[in-house]
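Taken in sequence, the protein lines are chains A and B. Quick note: the first sequence uses my numbering, first residue 259, plus one each step. Quick note: the second sequence uses my numbering, first residue 63, plus one each step. Take a look at the structure below.
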Amino acid sequence: MNILAIDTSSATATAAVMRDGMLIGEYILNNGKTHSQKLLVMIEELLKDCGLKPSDLDIFACSSGPGSFTGLRIGAATIKGMAHVLKKPVIGVPTLDILAYSLYNCSAIICPVLDAQRETVYSSLYTWESGRLTKLEDLRVISAKKLIEYLKTLNQKVALLGDGVYLFRDIIGDSENISIAPPAYQLPRASSCAALAEEMYNIGQYSTYDSFVPQYIRKSQAEVEYEKKQKIDICNMEHKDVEQVFEIEELSFKTPWSKEAFTEELEKNKLARYVVARIDGKVAAYGGMWMVLDEGHITNIAVHPEYRGQKIGEKIVLSLIEAARESNVNKMTLEVRTSNVPARNLYKKLGFIDFGVRKGYYSDTGEDAVIMWKDIN
Amino acid sequence: MCKNTTILAIETSCDETSVSVVSNGRNILSNIISSQIDVHKKFGGVVPEVASRKHLESINQVLDSALEEAKVTFEDLDAIAVTCGPGLVGALLIGLSTAKAIAYSKNIPLIGVNHIEGHIAANYIEHKQLEPPFVCLVASGGHSHIVNVLSYEKYEIMGQTRDDAAGEAFDKIARAMGLGYPGGPLIDKIATDGNPDAIDFPRAYLEEGSYDFSFSGIKSSVLNYLNSKKMKEEEIIVADVAASFQESVVEVLAAKLVKAAQAKQSKYAALAGGVAANKRLRQVLKERGEAAGIEVLYPSPVLCTDNAAMIGCAAYYKYISGRTSDLKLNAIPNLTIGDVRI
Numbered sequence: 259m260n261i262l263a264i265d266t267s268s269a270t271a272t273a274a275v276m277r278d279g280m281l282i283g284e285y286i287l288n289n290g291k292t293h294s295q296k297l298l299v300m301i302e303e304l305l306k307d308c309g310l311k312p313s314d315l316d317i318f319a320c321s322s323g324p325g326s327f328t329g330l331r332i333g334a335a336t337i338k339g340m341a342h343v344l345k346k347p348v349i350g351v352p353t354l355d356i357l358a359y360s361l362y363n364c365s366a367i368i369c370p371v372l373d374a375q376r377e378t379v380y381s382s383l384y385t386w387e388s389g390r391l392t393k394l395e396d397l398r399v400i401s402a403k404k405l406i407e408y409l410k411t412l413n414q415k416v417a418l419l420g421d422g423v424y425l426f427r428d429i430i431g432d433s434e435n436i437s438i439a440p441p442a443y444q445l446p447r448a449s450s451c452a453a454l455a456e457e458m459y460n461i462g463q464y465s466t467y468d469s470f471v472p473q474y475i476r477k478s479q480a481e482v483e484y485e486k487k488q489k490i491d492i493c494n495m496e497h498k499d500v501e502q503v504f505e506i507e508e509l510s511f512k513t514p515w516s517k518e519a520f521t522e523e524l525e526k527n528k529l530a531r532y533v534v535a536r537i538d539g540k541v542a543a544y545g546g547m548w549m550v551l552d553e554g555h556i557t558n559i560a561v562h563p564e565y566r567g568q569k570i571g572e573k574i575v576l577s578l579i580e581a582a583r584e585s586n587v588n589k590m591t592l593e594v595r596t597s598n599v600p601a602r603n604l605y606k607k608l609g610f611i612d613f614g615v616r617k618g619y620y621s622d623t624g625e626d627a628v629i630m631w632k633d634i635n
Numbered sequence: 063m064c065k066n067t068t069i070l071a072i073e074t075s076c077d078e079t080s081v082s083v084v085s086n087g088r089n090i091l092s093n094i095i096s097s098q099i100d101v102h103k104k105f106g107g108v109v110p111e112v113a114s115r116k117h118l119e120s121i122n123q124v125l126d127s128a129l130e131e132a133k134v135t136f137e138d139l140d141a142i143a144v145t146c147g148p149g150l151v152g153a154l155l156i157g158l159s160t161a162k163a164i165a166y167s168k169n170i171p172l173i174g175v176n177h178i179e180g181h182i183a184a185n186y187i188e189h190k191q192l193e194p195p196f197v198c199l200v201a202s203g204g205h206s207h208i209v210n211v212l213s214y215e216k217y218e219i220m221g222q223t224r225d226d227a228a229g230e231a232f233d234k235i236a237r238a239m240g241l242g243y244p245g246g247p248l249i250d251k252i253a254t255d256g257n258p259d260a261i262d263f264p265r266a267y268l269e270e271g272s273y274d275f276s277f278s279g280i281k282s283s284v285l286n287y288l289n290s291k292k293m294k295e296e297e298i299i300v301a302d303v304a305a306s307f308q309e310s311v312v313e314v315l316a317a318k319l320v321k322a323a324q325a326k327q328s329k330y331a332a333l334a335g336g337v338a339a340n341k342r343l344r345q346v347l348k349e350r351g352e353a354a355g356i357e358v359l360y361p362s363p364v365l366c367t368d369n370a371a372m373i374g375c376a377a378y379y380k381y382i383s384g385r386t387s388d389l390k391l392n393a394i395p396n397l398t399i400g401d402v403r404i
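This is the structure we're talking about:
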């Protein structure tokens with residue numbers, strides 16, 4: 259099985275061919291030329307040097323984002339175009355995963371930082387757990403200063419890599435725990451993309467040439483401005499929302515509910531109440547609870563990545579509290595991952611109080627859940 | 063018998079994702095146009111980042127539709143044509159990257175096409191007997207050129223706009239009158255109910271003998287008219303303003319094109335580009351052309367808007383003369399007619 263993988267999410271262009279877990283060839287160029295001029299020439303040279311023709315390839319992989327919008331699109335359009343002609347699957351590998359993968363079995367926390375302009379970076383935290391790359395935290399877009407402050411509070415060794423490291427050189431200060439990876443590891447490697455793509459392919463995580471789209475994380479400025487002017491409507495979830503709700507669920511949780519689960523909640527569960535936040539007709543967030551006698555138990559809350567940071571989650575929780583009040587519910591409760599600091603802060607702000615811990619509540623990672631309660635009447 | 067030459071063409075320079083299959087240059091087997099207009103309407107114009115994202119989302123489906131409708135497969139293609147400029151760079155890159163990937167994967171030639179030359183070539187599809195030389199006015203949201211088409215590959219720019227493009231002026235005036243986007247078709251439509259002589263807006267003919275255009279004067283004049291009416295709290299008859307504005311733009315375009323055709327002793331005066339779909343422009347040109355003994359040609363409306371068939375047609379003439387591109391081909395947002403960079 260031959261995999262062609264590329265990454266064009268930053269100024270670096272890289273392409274690799276992997277056959278059955280063995281790297282056959284890899285090119286990487288960070289020479290300032292545009293991807294449009296160098297990418298296809300690079301692929302052509304690489305395949306020629308590997309003694310392969312395009313028709314010998316079985317899987318096409320590229321970085322799925324985040325990264326430079328134009329860079330991601332040049333990579334995606336190229337990969338989709340080739341996969342289209344050759345009728346082969348397309349695999350989009352998250353850019354931050356590709357970067358983190360380069361520091362195999364590193365004992366420090368791995369913190370890839372991709373330049374997101376205006377002194378901000380796209381970032382997440384990773385660690386290796388028994389040979390598997392595991393994402394600890396999704397930080398999305400964060401200012402370099404805030405990220406450094408946060409990393410210092412971890413009191414653990416952290417390795418920074420990615421094209422955003424230049425923002426950190428001067429602000430690391432005297433922290434002995436935080437270090438920047440050497441040059442060879444700072445750039446994304448197509449070989450890492452290929453290896454991750456193979457893992458994803460083996461568990462059936464692949465798309466087709468017409469379904470794959472990059473995850474930009476950020477919207478265009480024009481859309482952001484436009485949405486600021488739009489009203490946020492909170493209303494009851496309907497059947498037509500399930501498709502979009504499921505999309506948000508998948509983007510938000512490691513073990514998402516299925517579409518059927520949501521449909522069943524809407525159709526059969528008389529105790530359930532689900533709401534959605536609509537902006538310009540699109541579902542931006544949703545939340546739900548079960549009302550059992552005088553207790554309201556929040557089941558799930560999620561905000562689409564593109565709409566986070568706009569206090570929409572808060573609006574969802576407030577609307578659930580209001581609905582519970584109207585149904586003569588006296589107390590509300592929920593469980594939240596110990597590591598999910600932003601969510602815990604939100605609940606605290608809305609009057610929820612920590613009430614205990616359920617050990618190993620989350621079966622996917624074995625993480626504890628914090629139980630929170632709030633009196634509402 | 064000669065084998066047919068089948069070219070697949072891709073056009074993504076602005077807000078239409080279009081793919082076409084063209085046989086022997088002038089025979090359209092399919093011409094699929096997926097417009098993003100509804101997406102951009104709420105912003106009052108095309109947002110480049112949004113356009114680029116949409117192109118990437120839809121291009122492969124549009125491609126499949128074009129192949130299906132033409133009843134061909136990738137195996138049947140002789141070359142891949144693609145617009146490489148002028149246009150929005152992010153948008154162009156989607157078509158370009160897709161075209162390069164296909165050309166490379168199938169090992170067939172890639173042909174970069176100039177979007178404006180594509181607009182001119184739309185006339186070859188519509189008028190099967192038309193051959194260069196002829197004089198052509200290319201007018202759209204981004205361009206206003208009078209071109210002497212010397213051959214399939216040689217162009218002489220006789221005149222061009224010194225400020226706004228003709229279509230841009232339509233868009234801006236439509237927006238000022240609250241008609242919406244895109245302005246061209248909206249003004250064209252509402253003007254049919256108005257009096258073109260109601261308001262005497264200026265006509266910018268510029269200096270004697272010039273084939274250049276300037277639309278900023280007329281634009282300011284309409285805006286001033288609208289403002290002064292509002293200040294005096296007088297009623298604005300939108301249809302009259304639209305008709306009078308359109309008339310002054312159309313008259314200048316028509317007069318200069320006919321004059322240019324006469325100067326070059328061209329048998330034909332051709333129209334191309336989005337503004338070529340304007341009904342009043344077509345009518346005025348017909349009249350003036352007849353009076354001057356010049357035959358006026360224009361493509362059907364679907365070939366006036368951005369479409370890939372015109373790109374496929376222009377590419378055919380490059381293909382038969384061996385002018386193909388390599389895989390380094392880049393998007394050139396400021397490409398001009400006859401530009402040697404491609």
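Glycine included, each C-beta is placed from N, C-alpha and C at the ideal position.
> Pairing CB atoms from the region 625-634 of chain A with CB atoms from the region 96-103 of chain B, are three or more of them under 8 Å?
Replying inline: Counting Cβ pairs under 8 Å, fewer than three are found: no touch.
> What are the start and end residues of each continuous beta strand (DSSP E) run of 3 or more residues lying completely inside the region 102-180 of chain B, in chain order?
Replying inline: The region 102-180 of chain B contains these whole beta strand (DSSP E) runs: 141-147 and 172-176.
>> Quick check on DSSP: helix, strand or coil for glycine 384 of chain B?
In response: For glycine 384 of chain B, the three-state secondary structure derived from DSSP is coil.
>> If you reduce the DSSP assignment to three classes, tell me which class histidine 555 of chain A lands in.
In response: In the structure shown, histidine 555 of chain A falls within a strand segment according to DSSP collapsed to helix, strand and coil.
>> Using a Cβ-Cβ distance cut-off of 8 Å, determine whether proline 514 of chain A contacts chain B.
In response: By this cut-off, proline 514 of chain A is not an interface position.
>> Taking the straight line between their C-alpha atoms, what separation do you get for leucine 372 of chain A and glycine 567 of chain A?
In response: Here the C-alpha atom of leucine 372 of chain A lies approximately 19 Å from the C-alpha atom of glycine 567 of chain A.
>> Excluding the 5 residues flanking isoleucine 142 of chain B on each side, which residues of the same chain have their C-beta closer than 6 Å to its C-beta?
In response: Excluding residues up to 5 positions away in sequence, Leu70, Ala161, Ile164, Ala165 and Leu172 lie with their Cβ nearer than 6 Å to the Cβ of isoleucine 142 of chain B in the same chain.
> Taking 8 Å as the CB-CB cut-off, is alanine 335 of chain A touching chain B?
Replying inline: For alanine 335 of chain A, at least one C-beta of chain B is nearer than 8 Å to its own C-beta.
> Relative to the alpha-carbon of isoleucine 430 of chain A, which residue among A:Ala335, A:Leu405 and A:Arg447 has its alpha-carbon at the smallest distance?
Replying inline: Among A:Ala335, A:Leu405 and A:Arg447, the Cα nearest to that of isoleucine 430 of chain A is on A:Leu405.
> Going by Cα to Cα distance, which pick from B:Lys116, B:Pro363, B:Asn340 and B:Met220 is closest to glycine 245 of chain B?
Replying inline: That would be B:Asn340, whose Cα lies nearest to the Cα of glycine 245 of chain B.
>> Check whether the region 340-347 of chain A and the region 359-368 of chain A are in contact - that is, three or more C-beta pairs closer than 8 Å.
In response: With the cut-off at 8 Å, the region 340-347 of chain A and the region 359-368 of chain A do not touch.
>> So threonine 160 of chain B contacts chain A; which residues on that side make the cut at Cβ distance below 9 Å?
In response: Within 9 Å Cβ-Cβ: Ala335, Thr336, Lys338, Gly339 and His342.
>> Does the CB of serine 5 of chain B have a neighbour CB from chain A at under 8 Å?
In response: With chain B running from 63 to 404 in the structure shown, residue 5 of chain B is simply not present.
>> Considering Cα atoms alone, identify which of B:Asp368, B:Thr386, B:Tyr378 and B:Ala376 is closest to leucine 154 of chain B.
In response: Closest in C-alpha terms to leucine 154 of chain B, from the list B:Asp368, B:Thr386, B:Tyr378 and B:Ala376, comes B:Asp368.
>> Let me make sure I understand the geometry here. Which of B:Lys234, B:Ala304 and B:Lys104 has the alpha-carbon closest to that of phenylalanine 263 of chain B?
In response: Here the closest residue by C-alpha is B:Ala304.
> Between the region 199-213 of chain B and the region 173-186 of chain B, do at least 3 Cβ pairs fall closer than 8 Å?
Replying inline: Touching, yes, given that three or more Cβ pairs across the two stretches are closer than 8 Å.
>> 8 Å is my cut-off, CB to CB: does glycine 152 of chain B come that close to chain A?
In response: Yes, its Cβ sits closer than 8 Å to a Cβ of chain A.
> Of all the CB atoms in chain A, is at least one closer than 8 Å to the CB of glutamate 188 of chain B?
Replying inline: Judged by the 8 Å Cβ criterion, glutamate 188 of chain B is not in contact with chain A.
>> Do glycine 329 of chain A and serine 268 of chain A count as a contact pair if the criterion is CB distance below 8 Å?
In response: The answer is yes: Cβ separation under 8 Å.
>> Let me see if you follow: with CB-CB separation under 8 Å, is isoleucine 60 of chain B close to chain A or not?
In response: Here chain B comprises residues numbered 63 to 404, so residue 60 of chain B is not present and cannot be evaluated.
>> Please report the straight-line C-alpha distance between glycine 333 of chain A and alanine 325 of chain B, rounded to a whole angstrom.
In response: Taking the straight line joining both Cα atoms gives about 49 Å.
> If the cut is a Cβ gap below 8 Å, which residues of chain A does lysine 251 of chain B touch?
Replying inline: None at all; the shortest Cβ gap to chain A is about 26 Å.
> the region 309-321 of chain A: which residues have C-beta closer than 7 Å to a C-beta of chain B, in chain order?
Replying inline: Correct list: Pro312.
> Taking 8 Å as the CB-CB cut-off, is isoleucine 261 of chain B touching chain A?
Replying inline: No, its Cβ sits nowhere closer than 8 Å to a Cβ of chain A.
> Going along chain A in order, which residues have a C-beta closer than 7 Å to the C-beta of phenylalanine 105 of chain B?
Replying inline: By Cβ distance, chain A contributes Ala480 and Tyr484.
> Pick from B:Asp302, B:Ala370, B:Glu295 and B:Arg265: whose alpha carbon is nearest that of lysine 318 of chain B?
Replying inline: It is B:Arg265.
>> Under 9 Å, CB to CB, which of the residues in the region 531-549 of chain A have a partner in chain B?
In response: Within the region 531-549 of chain A, the qualifying residues are Asp538.
>> Considering only their Cβ atoms, is the gap separating asparagine 257 of chain B from serine 294 of chain A smaller than 8 Å?
In response: Contact flag unset, no.
> Interface residues of chain B around aspartate 468 of chain A at Cβ under 8 Å?
Replying inline: Under the 8 Å cutoff, chain B gives Asn122, Gln123 and Asp126.
>> For a test of the three-state rule: what should DSSP assign to methionine 63 of chain B, helix, strand or coil?
In response: The predicted model places methionine 63 of chain B with a pLDDT of 48, which falls under 50 and marks its position as unreliable; any figure quoted below should be read in that light. Residue state, collapsed to three classes: coil.
> For the alpha helix (DSSP H) that contains glutamine 324 of chain B, what are its first and last residues?
Replying inline: Looking at the DSSP string, the run of the alpha helix (DSSP H) that includes glutamine 324 of chain B is 300-325.
>> I need the straight-line Cα distance from aspartate 406 of chain B to serine 85 of chain B, nearest angstrom please.
In response: For residue 406 of chain B there is no data in the structure shown, the boundaries of chain B being 63 and 404.
> Do you know offhand how far leucine 118 of chain B's Cα is from alanine 376 of chain B's?
Replying inline: Within the model, the alpha-carbon separation for leucine 118 of chain B versus alanine 376 of chain B is close to 24 Å.
>> For lysine 281 of chain B, which residues in the same chain have their Cβ closer than 8 Å to its Cβ, ignoring the five residues on either side in sequence?
In response: Asp226, Ala231, Lys234 and Ile235.
> Taking 8 Å as the CB-CB cut-off, is serine 167 of chain B touching chain A?
Replying inline: Interface residue, yes.
> Do asparagine 260 of chain A and leucine 315 of chain A come within 8 Å of each other at the CB atom, strictly closer than that value?
Replying inline: A contact, by the Cβ cut-off of 8 Å.
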